[in-house]
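Chemist:
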Amino acid sequence: QHFELQVLLAMLREGAETYSVPLVLALEKRTGKRVSQAAVFIALRRLEAKGLAASRIDTERSGRARRYFRLTKPGVAAVKAQRDEHARLWHGLGRLLKAPKA
Numbered sequence: 106q107h108f109e110l111q112v113l114l115a116m117l118r119e120g121a122e123t124y125s126v127p128l129v130l131a132l133e134k135r136t137g138k139r140v141s142q143a144a145v146f147i148a149l150r151r152l153e154a155k156g157l158a159a160s161r162i163d164t165e166r167s168g169r170a171r172r173y174f175r176l177t178k179p180g181v182a183a184v185k186a187q188r189d190e191h192a193r194l195w196h197g198l199g200r201l202l203k204a205p206k207a
């Protein structure tokens with residue numbers, strides 16, 4: 106579920122519609138970790154099955170089909186809910202994470 110949230114956030118950042126390659130690049134840039142295209146595509150399909158993303162297939166000039174994904178309204182709501190949940194979990198912890206004075 107953590108990776109799916111990362112994919113949702115990357116989709117939100119990318120804008121209206123995107124496909125797996127730009128998401129891989131965005132996730133690698135933001136996380137500093139290697140991300141496989143297959144993992145992103147699997148997450149996208151799971152998000153679609155949950156109704157958090159929708160897709161369409163478009164044929165490029167080369168004749169090759171590409172699947173484009175976009176966030177749905179429930180997908181945006183899920184991102185907001187996760188943000189709010191994390192804010193509640195982090196509330197009051199900032200002072201505990203401060204380095205002790207030497």
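Just so you know, we're using this note's numbering here: the sequence shown kicks off at 106 and counts up by one. By construction, the Cβ of each residue, glycine as well, lies at the ideal position given by its N, Cα and C atoms.
1) Can you give the Cα-Cα distance for Thr177 and Leu114, rounded to whole angstroms?
2) With a 10 Å radius around its C-beta and 16 neighbouring C-beta atoms as the bar for buried, classify Gly180 as buried or exposed.
3) What does DSSP give as the partner residues of Arg174 in its beta bridges?
4) On the criterion of 16 or more Cβ atoms from any shown chain inside 10 Å, does Val126 qualify as buried, or is it exposed?
5) With a threshold of 16 other CB atoms inside 10 Å of the CB of Gln106, please say whether the residue is buried or exposed.
Modeler: Considering the structure as presented:
1) Stepping through the sequence shown from its first residue, residue 177 is reached at position 72. Stepping through the sequence shown from its first residue, residue 114 is reached at position 9. Between Thr177 and Leu114, the C-alpha separation is close to 13 angstroms.
2) Looking up residue 180 in the sequence shown gives position 75. By the neighbour-count rule (16 or more Cβ atoms within 10 Å), Gly180 is buried.
3) Position 69 of the sequence shown, counted from the start, is the residue given in the question as residue 174. The sequence given here has Phe at residue 174, not Arg. Thr123 and Ser160.
4) The residue given as residue 126 occupies position 21 in the sequence shown. Per the 10 Å Cβ criterion, exposed.
5) As a working note, residue 106 is residue 1 in the sequence shown. Exposed is the call here.
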